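Novice: Sending over a structure as structure tokens; questions will come in a sec.
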DNA sequence: GCCGTTTTCGGCCCGACTGTTTTCAGTCG
């Protein structure tokens, strides 16, 4: 069965192939927009096709609905197959090299028979490209360095890898005399779970001084480009960072533009146009008079459009512009709203720090409480607690609580949901805990029915208050087990079980769109870092980012509540 | 190919850079 992702990939491929054969560019774009719509849809494309509701998806009209239905029904799409007769999928591969678009990729394929990136590299090194029309020795150089870039920066990096580096680079710029303002922009500012490259924006009246300072930062391995207003570097850790320097008066419009998302900006400009306004990276203008209305700050842009200011995390064209116009944007949660961490581990299972050390760090972070949710007995690999361990740890927790003020350590546990959906311990032991998580740690390859039976039984279990990392995915390493998200969310709503937003950077599970769907059903969520050492406690910001992208407000998240209210809210 | 408070036809975000262009095509974000 095809997933939304698979269908989206086919649509993207069709878009690329149409571009290669020289089709109308708006038709090309329509396919890419539909691909994104399918990819980010919360409903299963198979269900939508069966119920003839595909056209409910934005950017999917009658024509694409019919072709998508054919694809999910038969696994084939005649239109796609015909295109593949005309355009080799190999050409699409070549287009992944920066600098190679549809025209050049096709030319290389047609004239030189280049079908892989390896062959492309050989052709460039063998100086066989320069003889083609519009190509030169310079083109060959660009292709070679483009391939290098594709290979080094192939994988998108985790938000947690990009964020600290970008923060440091921005702070270095802000400390530079000629810099008036500096921020990172792009997907990093929107706090997406993975980042392609890092975009930084600065305001200065002396831009050349800024770019030259930037390219001499100690973290620079290679300068990819250096001009008066733009520079690109490759860091020693292999990340690409682009800097753009603008005039102070244009800073807000540039920041808005470079923060994106592309889809958000398209929607915004479309709306501007219909109101007789024009937005570009230099400001917002009245089309008729040409008068500049604003652009020094982002707030000016949105205000001139009569829109509420939108946090960067919301700018995905997922309804935020309509909500901003209607003044119904959510007051999204902030890190400061979080009063405690609800998934952490200590030396009593597989953590690296003691109860005392974890409590001290939690207090430094300004928390009111910290749930120590060490693994339960059955998870032997993680040093799960025996009943004797539980008693002993309880004494330690009581002692820490009695001598430390300003923080309450909660006696928690991460129970293991076994292959049948059962959990550890007798009711007598279970009742002792203040906070009880349930999680799947095995059987990731089981069929959907079995996974869902386990999850359903766990949610129906009166002792399990929170399902931890509900889909089990590890970004870049492991796909989620076969969860029926709709059924999971419905089950959580029906049983009053909270779902975790696991903040560990390679988990981020639930992910943003699922969490947003959960909120719509009234499901409460719980932020936990899954910290296995004190330094992990600071990962909370990444979980908050997911919550913000999911439009969650403090009342949707149980650990924004004061302690008493938290304990009352948990099942 | 999609879509509608200008429109069911005729638009569709918009600007910059690169390279080889003698006035512009291709690519990118």
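In my numbering, the protein residues as written are 3 to 573.
Think of the CB as a built atom: it goes at the ideal place given N, C-alpha and C, for glycine as much as any other residue.
No experiment lies behind these values; they were computed from the predicted model shown.
Since residue 39 contacts residue 61 with CB under 8 Å, what's their CB separation in whole angstroms?
Specialist: About 4 Å separates the two Cβ atoms, so the contact holds.
Novice: How many angstroms separate the CA atom of residue 366 from the CA atom of residue 49?
Specialist: Going from the Cα of residue 366 to the Cα of residue 49 covers about 48 Å.
Novice: Which residue from 89, 75, 332 and 337 puts its Cα closest to that of residue 9?
Specialist: Closest by alpha carbon: 75.
Novice: Rank 96, 488 and 105 by C-alpha distance to the C-alpha of residue 136 and give the top, closest one.
Specialist: Of 96, 488 and 105, the residue nearest in Cα terms is 105.
Novice: For residue 242, which residues does DSSP report across the bridge?
Specialist: Partner(s): 236.
Novice: Taking all protein chains shown into account, decide if residue 258 is buried (16 or more other Cβ within 10 angstroms of its Cβ) or exposed.
Specialist: Under this definition residue 258 is a buried residue.
Novice: Secondary structure at residue 225, three-state DSSP: helix, strand or coil?
Specialist: Reduced to three states, the DSSP call for residue 225 is strand.
Novice: On a Cα-Cα basis, can you pick out the residue from 515, 500 and 561 that is closest to residue 548?
Specialist: Residue 548 has its Cα closest to that of 515, out of 515, 500 and 561.
Novice: What are the uninterrupted segments assigned as beta strand (DSSP E) that are 3 or more residues long and contained completely in the segment 479-561, given in chain order?
Specialist: With a minimum length of 3 residues, the continuous beta strand (DSSP E) runs that stay inside the segment 479-561 are 500-504 and 527-530.
Novice: Whose CA, out of 127, 525, 463 and 477, lies closest to the CA of residue 488?
Specialist: Ranking 127, 525, 463 and 477 by Cα distance to residue 488 puts 525 first.
Novice: Can you grab the Cα-Cα spacing for the pair residue 401 / residue 425, in whole Å?
Specialist: Each residue's alpha carbon lies about 28 Å from the other.
Novice: Here's the rule I'm using: 16 or more other beta-carbon atoms within 10 Å means buried, otherwise exposed. How should residue 463 be labelled?
Specialist: Counting Cβ neighbours within 10 Å, residue 463 comes out buried, since at least 16 surround it.
Novice: Look at the Cβ atom of residue 409, then the Cβ atom of residue 361, and state whether they are nearer than 8 Å.
Specialist: Yes, the Cβ-Cβ distance between residue 409 and residue 361 is below 8 Å.
Novice: To the nearest angstrom, how far is it from the Cα of residue 317 to the Cα of residue 225?
Specialist: The alpha-carbon atoms of residue 317 and residue 225 are separated by roughly 31 Å.
Novice: Classify residue 311 as buried or exposed, calling it buried when 16 or more other Cβ atoms lie within 10 Å of its own Cβ.
Specialist: Answer is exposed; the Cβ neighbour count stays below 16.
Novice: Where does residue 571 fall in DSSP's three states?
Specialist: Residue state, collapsed to three classes: helix.
Novice: Please specify which runs of the alpha helix (DSSP H), each continuous and at least 4 residues long, are wholly inside the segment 38-97, giving them in chain order.
Specialist: Listed in chain order, they are 47-52, 64-76, 80-88 and 91-96.
Novice: Using beta-carbon positions only, say whether residue 469 and residue 509 come within less than 8 Å of one another.
Specialist: No, Cβ-Cβ distance for residue 469 and residue 509 is not below 8 Å.
Novice: For residue 348 and residue 357, which I take to be in contact (beta-carbon distance under 8 Å), what is that distance rounded to the nearest angstrom?
Specialist: Going by Cβ atoms, the distance from residue 348 to residue 357 rounds to 5 Å, so yes, they are a contact pair.
Novice: Could you have a look at residue 377 and say whether DSSP puts it in helix, strand or coil?
Specialist: Note: residue 377 maps to strand in three-state DSSP.
Novice: Is the segment 326-337 close to the segment 301-311, with three or more CB pairs under 8 Å?
Specialist: The segment 326-337 vs the segment 301-311: in contact.
Novice: Is the beta carbon of residue 67 closer than 8 Å to that of residue 85?
Specialist: For residue 85 and residue 67, no; Cβs fall outside 8 Å.
Novice: Is DSSP giving residue 563 helix, strand or coil here?
Specialist: Note: residue 563 maps to coil in three-state DSSP.
Novice: If you run the structure through DSSP and keep just helix, strand and coil, what is residue 6?
Specialist: Residue 6: helix per DSSP, three-state reduction.
Novice: Alpha carbon to alpha carbon, what distance is there between residue 29 and residue 88?
Specialist: Residue 88 and residue 29: Cα-Cα distance of roughly 17 Å.
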